[in-house]
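Residue numbers (the numbering used here): 50 to 156.
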């Protein structure tokens, strides 16, 4: 039996998506222990904040956010939001995220 081109394309896309998920998990799991701790999660989730904080003062001013009507956002507020997200994603409440918990749709 020969596979159709559509099936082959689907398998390639699925494989690529799996590889991207593995790569993402590896980037967040900084110590490579197979789990993502809150500090690892916050460090990775703060990357964009730090890139946007042009003056490095720990505050994203409206002009740094490039979002209409944005309000200033501190790094502490940013961490609070992602700490809450981490806790929602931590389904078994063990204080770390497994690959499945990290890659699950946000809760």
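All C-beta atoms, glycine included, are put in the ideal place defined by N, C-alpha and C.
- Counting C-beta pairs closer than 8 Å gives fewer than three between the stretch 135-149 and the stretch 105-113, which falls short of the contact rule.
- DSSP places residue 111 in the uninterrupted alpha helix (DSSP H) bounded by 111-114.
- Closest in C-alpha terms to residue 88, from the list 149, 150, 153 and 131, comes 131.
- A buried status is given to residue 127, since no fewer than 16 other beta-carbon atoms sit within 10 Å of its beta-carbon.
- When DSSP states are grouped into helix, strand and coil, residue 123 belongs to the strand group.
- Nearest C-alpha to residue 149 among 117, 84 and 79: 84.
- The DSSP-derived three-state label of residue 77 is helix.
- Within the same chain, Cβ atoms closer than 8 Å to the Cβ of residue 102 are found at 108, 109, 113 and 124, the five residues on either side in sequence being excluded.
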